[in-house]
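A.B. asks:
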Amino acid sequence: MNIILPKSYTALQLSSKTIGFSMGSKQPEGELLKALITAKPKGHFLELGTGMGLSLSWMVDGMDKESKLISIDNDQNLLNEVIPHFKDDHRVSILHEDASKWLQNYTDEGFDLVFADAWPGKFSDLSKTLSLVNPGGIYMVDDLLPQSNWPEGHQKKVNDFLTFMESQPQFITTQLTLSTGVLLAVKKPLSH
Ligand SMILES: C[S@@+](CC[C@H](N)C(=O)[O-])C[C@H]1O[C@@H](n2cnc3c(N)ncnc32)[C@H](O)[C@@H]1O
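In my numbering, the protein residues as written are 102 to 293.
Here's what the structure looks like:
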């Protein structure tokens with residue numbers, strides 16, 4: 102397939118290499134995010150864990166003119182690399198905050214897609230995060246397949262997370278063996 106990379110993607114990859122940031126989302130997850138976001142015109146999107154902006158660049162690539170996106174990270178050094186690439190896009194808000202605190206305080210409109218790529222929203226604050234997904238909206242995480250660099254005890258964290266997600270009656274959940282391992286959970290529309 103002839104995939105067109107998002108604007109800034111190559112530059113962000115280069116910055117990742119330069120500063121030694123190796124946690125960036127991979128291209129398959131990015132392509133999936135772009136496809137899902139394209140299916141949500143006038144959408145409202147949330148990313149927890151901006152990182153080096155790699156997944157963000159795919160998400161933004163899928164957005165129409167009336168969509169909006171909030172991306173949050175607590176590492177100002179990373180954000181300093183990312184913000185210049187999106188500063189002229191009025192649809193995108195990049196916040197330097199602790200995502201857990203932000204989630205606890207957030208009371209505004211819900212989201213049509215949440216990509217939870219930091220500890221908060223995945224291994225903590227999960228119920229609050231899921232409550233922010235609109236009916237028909239999507240919750241997505243990656244990094245679920247075992248990796249050699251996982252610290253001791255991380256597999257149990259992932260197992261507990263998967264068990265919790267599978268027990269959520271409001272969500273239709275599926276796991277994909279794509280790339281680092283993806284979970285997609287769609288909140289049932291009100292008509293279900
Ligand atoms: C897996 S990386 C995200 C990679 C990003 N999606 C990309 O494609 O470049 C996880 C990010 O979460 C951030 N993070 C970790 N704990 C956080 C917290 N409590 N609040 C906000 N961000 C956090 C880290 O600084 C890191 O950039």
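We put the beta carbon where it would ideally sit given N, CA and C, even for glycine. Being a predicted model, the structure only gives us computed values, none of them experimental.
Out of Ile239, His255 and Gly238, which one is the CA nearest neighbour of Leu246?
C.D. replies: The shortest Cα separation from Leu246 among Ile239, His255 and Gly238 belongs to His255.
A.B. asks: Kindly confirm or deny that the region 206 to 216 and the region 184 to 196 touch, where touching means at least three C-beta pairs closer than 8 Å.
C.D. replies: No, the region 206 to 216 does not touch the region 184 to 196.
A.B. asks: May I ask you to report which of helix, strand or coil DSSP gives Met160?
C.D. replies: DSSP places Met160 in helix when its eight states are reduced to three.
A.B. asks: Could you tell me the boundaries of the alpha helix (DSSP H) in which Asn178 lies?
C.D. replies: Taken as a continuous stretch (DSSP letters only), the alpha helix (DSSP H) holding Asn178 covers Gln177 to Phe187.
A.B. asks: Consider the C-beta atom of Gly152 and the heavy atoms of ligand 1; say whether any pair is separated by less than 6 Å.
C.D. replies: For ligand 1, at least one heavy atom lies less than 6 Å from the Cβ of Gly152.
A.B. asks: According to DSSP, is Leu115 helix, strand or coil?
C.D. replies: Helix at Leu115.
A.B. asks: Could you spell out where the beta strand (DSSP E) holding Asn235 opens and where it closes?
C.D. replies: Residues Val234 to Val242.
A.B. asks: Check this for me: beta carbons of Gly121 and Ala219, under 7 Å apart or not?
C.D. replies: Contact flag unset, no.
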